[in-house]
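Under the working numbering, the sequence shown has 307 at position 49, and the numbering climbs by one with no breaks. For reference, the structure discussed in these notes is given below.
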Amino acid sequence: MACAVAMVCTVLLGTQWGDEGKGKITDLLSRDHDAVVRFQGGNNAGHTIVVGGVKFKLHLVPSGVIRGGIASVIGDGCVVDPWVLEKELRDLELRGISTANVVLSDRAHLIMPYHRELDRVQETSRAGSSKVGTTGRGIGPCYQDKMGRTGIRASDLRYPPLLEEKVRKGCRDAAAICGALGSPVTFDPAVILRELHELGEVLVPRVRDAPALLNDMMDKGARVLLEGAQGTFLDIDRGTYPFVTSSSCSTGNASAGSGIGPSWFERVIGVVKAYTTRVGEGPFPTELTDHVGEMMRDVGCEFGTTTNRPRRCGWLDLVLVRSSVKWNSIDDLALTKTDVLSSLKEVLVCTEYSIPREAAERCGLPTVIRDFPSHLELLKECRPVYRKLKGWGELSKEEWEACRAEGTLPPGLDGYVSLIEREVLAAVTLVSYGPGRDETIELGGS
Ligand code: IMP
């Protein structure tokens, strides 16, 4: 029975609006696992890993691939652009990273060229303030087809007549929608099918029944790391709807999107960036449009891994993190990019929101709230309540390394971490101070 051996799976996910540094933490934790699984999203994600000064940017392949020797599974809940996956695999091989253990779930849905075009046309057709700011990778339209039960799954590559029927219908439907939205365009199913046939030669050998594979592995004692993409506030249900992605980035979907039952989950680790960022549109209570925000963007290299768009930056918002901890049953936290704030003498942390009396009465809430509100109209009225803390100053490489060796935090950062722990009721067990695999302080406690 699964319950008897439920000390097996770790779920790792983002507690903010994505880009928390999940790739680095996944790479670090992959040393204790036999498989790393992506369970949602597609190449809207961009996970950066730096090993020995060499940078790798992954979009679809799970971050465990860099360590090697473990299974890297693109799970049922993902949407996969076969053109992008083939290129990512080829590029990894060219850089000496083996992709022999990369598996594509037979149930994962495939992004077609018409999905990418639909993404662009739908976004263009949205009026100014209702633009989502999507990554333009066809993610939303592919999930629309999945939910509409007309999608193409990886296993369809094995059935050419069925694939042809689906691709022809997909092209027709997409052309009709683009036309209705005022952007007439045609798609050539013959070209798509020919290219899919070529891609299939590379990809089909990797297409497997991923839930069967993973459950078999776990029955034999394997440990599995489930790697979330995006973050809690981009989640289709709990995020800042409609400025969200089209999948669920939460713990529940780690089960649904992988085919691993939740009783296998031993630990849920939330990744928190030491400040807050978001790409795309939507309200952002702690956003900074001054020189401090610019410093965060420049020093933190806050430009999208996938789209290169500048990210909006602001103070750490613990209302977000607190709600994420509750909704996802997060056991412990990995705090990333603490070095980015080193130049600041003082740092602010938002612990709650104050809302005008009239808004509070309308929504039946007190004038100070500690849980993230569900409606954007209310979020727009929220004003952050800040705590001011002493910074930790610039530390030399040797000083950081001494902290790492001792498993302690420098003065100032210890207070920052204690405040986070007290406010969100989860222990911080990892503190990252640079992009490198080794630039991480392990605090124990997990
Ligand atoms: P989509 O996922 O391309 O449909 O984009 C929907 C929203 O999610 C946009 O605001 C994107 O900027 C945002 N988004 C999607 N993926 C990521 C990510 O990996 N990091 C940060 N934001 C993302």
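Cβ coordinates follow ideal geometry from the N, Cα and C atoms, glycine included.
- Relative to the ligand IMP, the beta carbon of GLY354 is positioned no closer than 8 angstroms to any heavy atom.
- Per DSSP, the beta bridge partners of SER612 are VAL626, ARG641.
- LYS389 sits in coil when the DSSP states are folded into three classes, being neither helix nor strand.
- Less than 9 angstroms divides the Cβ of LEU484 from the Cβ of CYS267.
- Secondary structure at PRO568: strand, using DSSP grouped into helix, strand and coil.
- Relative to the ligand IMP, even the nearest heavy atom lies 8 angstroms or more away from the CB of PHE630.
- Using a Cβ-Cβ distance cut-off of 8 angstroms, the region 351-367 and the region 409-417 are in contact, since at least three pairs of beta carbons, one from each stretch, lie closer than that value.
- Ranked by how close their Cα comes to the Cα of PHE542, the residues TYR499, GLY562, PRO520 have TYR499 in first place.
- Proximity of the region 586-602 to the region 631-647 falls short of the contact definition, fewer than three beta-carbon pairs being nearer than 8 angstroms.
- It is roughly 52 angstroms from the alpha-carbon of ASP290 to the alpha-carbon of GLU616.
- Ranked by Cα distance from GLU422, the first of GLU524, THR306, ALA448 is ALA448.
- In the same chain as ARG570, and ignoring 5 residues on each side of it, the C-beta atoms closer than 8 angstroms to its own belong to THR535, ARG536, VAL537, PHE542, GLU545, GLY551, in chain order.
- Using a cutoff of 8 angstroms, the CB of ARG374 does not count as near the ligand IMP, since none of the ligand's heavy atoms is closer than that.
- When DSSP states are grouped into helix, strand and coil, VAL308 belongs to the strand group.
- When rounded, the separation of the alpha-carbon atoms in ASP474 and SER330 is 15 angstroms.
- Sorting VAL460, LEU451, GLU346, GLY497 by C-alpha distance to the C-alpha of VAL425 places LEU451 at the top.
- Note that the C-beta distance between THR698 and LYS282 is below 9 angstroms.
- Within the DSSP bridge table, the entry for ILE527 names LEU270, ASP590 as partners.
- ALA438 sits in a helix when the DSSP states are folded into three classes.
- Under the three-state reduction of DSSP output, VAL319 falls in the coil class, being neither helix nor strand.
- Counting only runs of 4 or more residues that sit fully inside the region 475-511, no alpha helix (DSSP H) segment turns up.
- Within 8 angstroms of the C-beta of PHE501 there is at least one heavy atom belonging to the ligand IMP.
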